[in-house]
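Asker: Below is one structure. I have some questions about it.
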Amino acid sequence: MTLLTIENLSKRFSSGGREVAAVSDVSLTLEPGETLGLVGASGSGKTTLARILMRLLPADAGAIRFEGEDWLTLSGAELRHRRARMQMVFQDVLGAFNPRATVASVLDDPLRIHNIVPKAERPREIAALLDRVGLLASYAERSIRDVSGGQRQRIAIARAIATKPSLIVLDEAVSALDVSIRGKILELLVELQEERSISYLFVSHDLAVLRAVSHRIAVMETGRLTETGPTRQVIENPQSPAARALIGAVPRLVTEPTEGPSHDV
Amino acid sequence: MRLLRDLVRTPEGAIGFGILAALVLIALLAPALSPGDPLRIAGRALLPPFIDPAFPLGTDRLGRDVLAGIIHGTRTSLAVGLAAALAAIAIGLCLGLTAGFAGGLIDEGLMRVVDAFQIVPSFLLALAFVSVIGASVPVVVMAIALGAWADPARLTRAQVLSIRERDYVASARVIGMHPAEIAFREILPNALPPVLALSAIIVAAAILTEAALSFLGLGDPNVVTWGSMIAEGRNILRSSPSLSIFPGVALVVTVVGVYLFSEGLTKALAGRRLEP
Ligand SMILES: Nc1ncnc2c1ncn2[C@@H]1O[C@H](COP(=O)(O)OP(=O)(O)OP(=O)(O)O)[C@@H](O)[C@H]1O
Ligand SMILES: [Mg+2]
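Protein sequence lines, in the order shown, are assigned to chains B and G.
Okay, so the first sequence: first residue is 31 according to my numbering, each after it adds one.
Okay, so the second sequence: first residue is 152 according to my numbering, each after it adds one.
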């Protein structure tokens, strides 16, 4: 069954008398265990789409079905409860954490709020989560400001999987990281997906990153989806000018051997 | 504690902290340092300073001990200054938080009230308030707080508006945190530091306002204050300038101490945020 269906989603911003159609009439679907790469130039509306999906921004028009529910009409306690199933990893590895937080408190919050494990077992669950993302359990006591950017993004991933979601939205989740660390984080994400069949909506302006993790790619331009298709097809045979421009910007993309994610959907 | 350590590491902070610590000690130990009512007649009138060891700073026109007045005046100044600043910060925080979180019409309405209070000079406001209700310490405190809450309210609101757009607040919403918990655990603690840094300046302003009110004879007549001492000395400024100079120096030292302390605090807070 389809995990996520977005239908005719639209969002306009008006700032200083100027109207911007940040997202217009976007429709797409996502299957369980699938990664959809969302690519587009800066300002094409990727973040706006992701934030509407996360219910951080209201949509002007359109509908979202998530796990068979009308996602945009949920509210209050029910929405907070259902949020466990859809999580997000942010781009800014520093700004996404309360500066006063410790690693343990970052991971404790979702466990406590959604009562994932009984209180007494939370420290053990935190250690297990840290271990799962490749960090030592002794990191738990550190301040979030005392760990490196790559480690912070691992902690963000641990926080996102803590509530056992079926969908994780990653908005430029590796863009702020060193290239060497980037590969390791992508590997971790693919591993977690194979293990727990999580779906990813992977937002990035970097096609090289998306090619490594996406099953399908959707191309956005000034708020519209111009093209959606299997990763290989979009990269080797782009149909829209927007997709061609993005591919042209990454010279070695087509000549390199295309090795998609190692698993099937 | 770590903040205090960072604070005294800056030169301003160290000096300011030293001055304030000394003043607080004097205020707390006033009954021991100078027993008895500082307003009582203790000796010969208009004794010059540095002559009689019993009255190191001399006596005033009625024969009251100037040193005793200064020591007990420290109490009044600090108590009124701190209480007024505390009240102003408390009112400012509550209204600023309400405006920042509620938004919309409530925000608009509250901010117009803040505008109104910022337009009226706070000293005039305090003056009017005390003249109408009558001079006593609690009224003076309220009068000063009334003219001082607008700045912290505006700053708190600005802080809330900026912090609620941060990714970590979005992240808290994403994990399903209750809005009240987001407000009190994620936003409020991070909105506070700059408001607290501002509070030192409010204390200094409150101490000056209290002195000015007392100088105009609108302070509580039953307690000795530096302002009322300066006012008394003014009448015989030519023959006995020391009567006005000593409380004036005490006032200046206190206000400078508070300002240095607040400078150090601001630096310590900024240094903290710059840490990785
Ligand atoms: N809060 C806002 N108010 C006004 N306009 C906004 C707001 N947020 C986004 N926009 C506008 O909406 C459009 C889409 O922005 P968005 O951030 O979604 O793009 P993006 O694809 O994520 O870009 P980037 O790759 O730079 O992150 C842009 O033109 C942007 O200026
Ligand atoms: Mg973006």
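Note that beta-carbon positions come from the ideal geometry of N, C-alpha and C, so glycine has one too.
(1) Look at B:Val-123 and B:Ala-206 and say whether their C-beta atoms are less than 8 Å apart.
(2) Among G:Ser-395, G:Asn-373, G:Gly-368 and G:Gly-327, which residue has its Cα nearest to the Cα of B:Leu-104?
(3) Strictly closer than 6 Å from CB to any heavy atom of ligand 1: give me those residues in the order they appear in the chain.
(4) B:Ser-178: which of B:Glu-155, B:Leu-197, B:Val-133 and B:Pro-140 sits nearest, CA to CA?
(5) Determine the burial state of G:Pro-162: buried for a count of at least 16 other Cβ atoms within 10 Å of its Cβ, exposed for fewer.
(6) Relative to chain C, which residues along the stretch 105–131 of chain B have a C-beta separation below 7 Å, given in chain order?
(7) From which residue to which residue does the alpha helix (DSSP H) around B:Lys-214 run?
(8) With a threshold of 16 other CB atoms inside 10 Å of the CB of G:Asn-341, please say whether the residue is buried or exposed.
(9) Counting beta carbon pairs with one atom in the stretch 294–302 of chain G and one in the stretch 87–104 of chain B, are three or more of them shorter than 8 Å?
(10) Using beta carbons (cut-off 8 Å, strictly below), is B:Thr-59 in contact with chain G?
(11) For the stretch 295–329 of chain G, which residues have a beta carbon sitting closer than 8 Å to at least one beta carbon of chain B?
(12) Mark B:Ile-198 as exposed unless 16 or more other C-beta atoms lie within 10 angstroms of its C-beta, in which case mark it buried.
(13) Among residues of its own chain, excluding the 5 on either side of G:Leu-394, which ones have a beta-carbon nearer than 6 Å to its beta-carbon?
(14) Measuring CB to CB, does G:Ala-355 end up less than 8 Å from G:Trp-377?
(15) Where do the N-terminal and C-terminal ends of the beta strand (DSSP E) with B:Asn-38 fall, by residue?
(16) Listing by chain order, which chain B residues have their CB less than 9 Å from the CB of G:Pro-340?
(17) Helix or strand or just coil, what does DSSP make of B:Val-295?
(18) Hey, quick one: how far does the beta strand (DSSP E) through B:Pro-260 stretch, first residue to last?
(19) Does DSSP put G:Ala-421 in a helix, a strand or coil?
(20) When the Cα atoms are used, what is the spatial distance from G:His-329 to G:Leu-158?
(21) Where does B:Thr-77 land, buried or exposed, given buried means 16+ other C-beta within 10 angstroms?
(22) Quick test of the definition: if touching needs 3 or more C-beta pairs under 8 Å, does the stretch 254–272 of chain B touch the stretch 369–376 of chain G?
(23) Which of helix, strand or coil does DSSP assign to G:Gly-214?
(24) Under 7 Å: does the beta carbon of B:Arg-202 sit that close to some heavy atom of ligand 2?
(25) Which residues in chain G sit within 8 Å of B:Leu-86, going by Cβ to Cβ distance?
(26) Going along the chain, which residues of its own chain have a beta-carbon closer than 7 Å to the beta-carbon of G:Pro-344, five neighbours each way excluded?
(27) Using a beta-carbon distance below 8 Å, is B:Thr-77 in contact with chain G?
(28) I'd like to know if B:Ile-265 contacts chain G, where contact means its C-beta is closer than 8 Å to some C-beta of that chain.
(29) Could you check what DSSP says for B:Gln-121 in three-state terms: helix, strand or coil?
(30) Give the single residue among B:Pro-153, B:Leu-166, B:Thr-65 and B:Ser-227 whose Cα lies nearest to the Cα of B:Ser-234.
(31) Inspect the beta-carbon positions of G:Ile-381 and G:Pro-398 and report whether they are closer than 8 Å.
(32) Would B:Leu-137 and B:Ala-188 be called neighbours here (beta carbons separated by less than 8 Å)?
(33) What are the residues of the stretch 405–416 of chain G that lie near chain B, defined by any Cβ-Cβ distance shorter than 7 Å?
(34) Is it true that the stretch 204–224 of chain B meets the stretch 150–157 of chain B, where meeting means three or more beta-carbon pairs spaced less than 8 Å apart?
(35) I want to see whether chain G comes within less than 8 Å of B:His-144, judged by CB atoms only; does it?
Answerer: On the basis of the supplied data:
(1) If you check the CB distance, B:Val-123 and B:Ala-206 come in under 8 Å.
(2) For B:Leu-104, the closest of G:Ser-395, G:Asn-373, G:Gly-368 and G:Gly-327 by C-alpha to C-alpha distance is G:Gly-327.
(3) A distance filter of 6 Å between CB atoms and the heavy atoms of ligand 1 selects the following residues in sequence order: B:Phe-43, B:Ser-45, B:Val-50, B:Ala-52, B:Gly-70, B:Ser-72, B:Gly-73, B:Ser-74, B:Gly-75, B:Lys-76, B:Thr-77, B:Thr-78 and B:His-235.
(4) Nearest of B:Glu-155, B:Leu-197, B:Val-133 and B:Pro-140 to B:Ser-178, Cα basis: B:Val-133.
(5) G:Pro-162 comes out exposed.
(6) Included in the structure are the protein chains B and G, with no chain C among them.
(7) Element bounds for B:Lys-214: 209–226.
(8) Buried, because 16 or more other Cβ atoms sit within 10 Å of the Cβ of G:Asn-341.
(9) They do not touch, by the three-pair rule.
(10) Judged by the 8 Å Cβ criterion, B:Thr-59 is not in contact with chain G.
(11) Arg-317, Asp-318, Tyr-319, Ala-321, Ser-322, Ala-323, Arg-324, Val-325, Ile-326, Gly-327, Met-328 and His-329: these are the residues of the stretch 295–329 of chain G whose beta carbon lies less than 8 Å from some beta carbon of chain B, given in chain order.
(12) Here B:Ile-198 is buried. Its C-beta has 16 or more other C-beta atoms within 10 Å.
(13) Excluding sequence neighbours, G:Leu-394 sits near Asp-211 and Gly-384.
(14) No, they are not a contact pair.
(15) From DSSP, the beta strand (DSSP E) with B:Asn-38 extends over 34–45.
(16) Here the neighbours are Asn-128 and Arg-130.
(17) Any reading at B:Val-295 needs caution, since the residue's pLDDT is 49, under 50, leaving its predicted position unreliable; the model's value is listed next. It is coil, neither helix nor strand.
(18) Unbroken beta strand (DSSP E) run through B:Pro-260: 254–260.
(19) In the three-state reduction of the DSSP assignment, G:Ala-421 falls in the helix class.
(20) Here the alpha carbons of G:Leu-158 and G:His-329 stand approximately 35 Å from one another.
(21) The residue in question, B:Thr-77, is buried, as its Cβ has 16 or more Cβ neighbours within 10 Å.
(22) No, they do not touch.
(23) It is coil, neither helix nor strand.
(24) Before going further, note that residue 202 of chain B is Glu rather than Arg in the sequence given. Taking 7 Å as the cut-off, the C-beta of B:Glu-202 counts as close to a heavy atom of ligand 2.
(25) Per Cβ cutoff of 8 Å: Ala-321, Arg-324 and Val-325.
(26) Around G:Pro-344: Leu-420.
(27) Taking a beta-carbon distance threshold of 8 Å, B:Thr-77 does not count as an interface residue toward chain G.
(28) At a cut-off of 8 Å between beta carbons, B:Ile-265 makes no contact with chain G.
(29) B:Gln-121 carries a coil assignment under DSSP once its states are collapsed to helix, strand and coil.
(30) With distances taken between Cα atoms, B:Ser-234 lies closest to B:Thr-65.
(31) The Cβ atoms of G:Ile-381 and G:Pro-398 lie closer than 8 Å to each other.
(32) A contact, by the Cβ cut-off of 8 Å.
(33) Nothing from the stretch 405–416 of chain G brings a Cβ to less than 7 Å from some Cβ of chain B.
(34) No: fewer than three Cβ pairs fall under 8 Å.
(35) Yes, B:His-144 lies at the interface with chain G (some Cβ there is under 8 Å from its Cβ).
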